[in-house]
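For the sequence shown, full-length UniProt numbering puts the final residue at 302, and the numbers step up evenly by one.
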Amino acid sequence: MSEGQTSVPNGSDLSDTDTTLVVVTGVSGGGRSTVARALENVGYYVVDNLPQALMLDMAELAMKAGGAARRTAMVLDVRSRAFSTDLVGAIRELKERGFAPWVVFVDADDEVLIRRFESVRRSHPLQGEGRLADGIAVERGLLEGARDQADVIVDTSHLNVNQLRRRIEELFGAEDARRLRVTVVSFGFKYGVPPDADFVCDARFLPNPYWVPELREHTGQTEAVSSYVLGQEGAEAFVATYTDLINATTAGFEREGKRYLTVAVGCTGGKHRSVAIAEELAARLGRTVIAAHTQHRDLGRE
1 MSEGQTSVPN GSDLSDTDTT LVVVTGVSGG GRSTVARALE NVGYYVVDNL PQALMLDMAE
61 LAMKAGGAAR RTAMVLDVRS RAFSTDLVGA IRELKERGFA PWVVFVDADD EVLIRRFESV
121 RRSHPLQGEG RLADGIAVER GLLEGARDQA DVIVDTSHLN VNQLRRRIEE LFGAEDARRL
181 RVTVVSFGFK YGVPPDADFV CDARFLPNPY WVPELREHTG QTEAVSSYVL GQEGAEAFVA
241 TYTDLINATT AGFEREGKRY LTVAVGCTGG KHRSVAIAEE LAARLGRTVI AAHTQHRDLG
301 RE
């Protein structure tokens with residue numbers, strides 16, 4: 001089945017409906033509600049707290065309705081107690097009926113989830129009489145299969161609400177959203193490697209602008225720092241090699257159904273080298289792949 005078509009086993013060609021389905025799930029406190037609002041912002045009809053047993057019915061209704069329902073998102077969480085059924089099986093059934101849903105899994109570190117629940121003085125829906133950590137552990141077990149099936153895993157540990165909203169709008173807002181999209185993330189190794197990275201590039205072999213007094217307070221987004229970093233021996237070959245590598249793999253990723261690629265570029269603190277390299281890499285990729293853009297995870301943390 002081609003990327004732009006939706007069909008069912010009885011032979012009916014539904015390509016004219018051009019229905020796009022998104023299934024959003026993930027851990028409680030991870031940011032599903034923000035994802036849902038962002039999808040609404042870019043024109044999706046969003047159905048929240050939908051039991052898994054109704055996913056196929058909802059998909060068929062969306063396909064038949066067309067119009068405003070041409071782009072439909074189904075948000076699933078444990079509040080409906082729907083995880084007593086098989087989410088992985090429900091997604092498989094959608095695919096067997098000819099639909100090609102995007103599965104978006106929203107995740108975050110346990111420590112971050114605990115802080116979020118404590119900040120709003122809420123209990124976890126599955127903790128019962130136990131601790132927050134117990135509820136999180138139970139939910140992770142229930143969602144393990146769904147996470148493995150996800151097309152997009154969005155780790156929100158280091159994202160605020162606006163950053164998460166922008167990421168979702170960038171991913172789903174364009175008409176070409178079903179093509180592979182690339183996010184180049186700069187980060188600082190001292191803050192940890194982004195857990196959702198498909199490629200990790202280490203820019204620490206380049207001289208650090210931090211030790212140049214007139215550059216120390218600036219970031220890799222400024223012309224002075226960018227010129228300094230990109231002008232160092234090995235920088236051009238580094239960017240060119242990763243550009244070629246990523247370009248060489250994108251067609252294969254698309255054939256395998258992957259729709260979202262994260263390239264992480266790291267330096268010590270995520271302020272100078274990684275930012276400059278990420279901007280240059282995204283610019284070059286943007287000339288050859290769909291919607292390459294940057295996200296600077298640790299900029300401003302120092």
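Where is the CB? At the ideal position from N, CA and C, for every residue including glycine.
Straight-line gap, residue i to residue j (C-alpha atoms, nearest Å)
i	j	result
V104	V182	15 angstroms
I277	S226	8 angstroms
R297	G220	13 angstroms
Q127	D110	14 angstroms
T288	N247	7 angstroms
R121	E129	15 angstroms
Q149	P209	41 angstroms
E93	L164	29 angstroms
A90	I153	19 angstroms
E223	V161	29 angstroms
E256	Y228	39 angstroms
T294	V27	25 angstroms
E217	D196	29 angstroms
A108	R140	11 angstroms
Cutoff 8 angstroms; reference residue i; Cβ partners in own chain excluding five residues on either side
i	result
S123	F117, L132, G135
G192	none
V212	Y228
D151	W102, V103, V104, G257, K258, R259, Y260
Cβ neighbours of residue i in the same chain (closer than 7 angstroms, five flanking residues each side left out)
i	result
G43	R71
L180	T250, F253, E254, K258, R259, L261, V289, I290
K190	T268, G269
V88	G145, A146, Q149
N41	E169
Integer-rounded CB distance, given that residue j should sit under 8 angstroms from residue i
i	j	result
N49	D86	N49 to D86, Cβ: 18 angstroms. No contact.
A264	C201	7 angstroms
M63	T19	5 angstroms
L39	V46	5 angstroms
A36	V24	7 angstroms
A65	L21	With 8 angstroms as the limit, A65 and L21 do not qualify as a contact, their Cβ atoms being about 12 angstroms apart.
residue 303	L215	This structure does not reach residue 303, given that the chain is present from 1 up to 302, and the question cannot be answered.
Contacts around residue i, its chain only, beta-carbon distance under 6 angstroms, and the 5 residues preceding and following it disregarded
i	result
D198	L261, T262
V112	S157
C267	A203, R204, R273, S274
I114	L132
residue 309	Since the first and last residues shown for the chain are 1 and 302, residue 309 lies out of range.
R284	T243
P194	V185, F187, A264
S166	For the sequence presented, residue 166 should be read as Arg rather than Ser. Result list for R166: empty, nothing under 6 angstroms.
A292	V182, A282, L285, G286
G300	none
May I have a chain-ordered list of the beta strand (DSSP E) segments no shorter than 3 residues that lie completely inside the region 153-208? 181-188, 199-202
Segment contact flag, the region 228-240 with the region 150-160, C-beta cutoff 8 angstroms, min 3 pairs: no
Count the C-beta pairs between the region 198-216 and the region 162-172 that are closer than 8 angstroms, then say yes if the count reaches three, no if not. no
Which runs of the alpha helix (DSSP H) spanning at least 4 residues fall entirely within the region 252-302, listed in chain order? 273-286
Using 8 angstroms as the Cβ pair cut-off and three pairs as the minimum, do the region 88-108 and the region 21-39 touch? yes
Within the region 28-75, note down every full beta strand (DSSP E) run reaching 3 residues or more, in order along the chain. 45-47, 71-75
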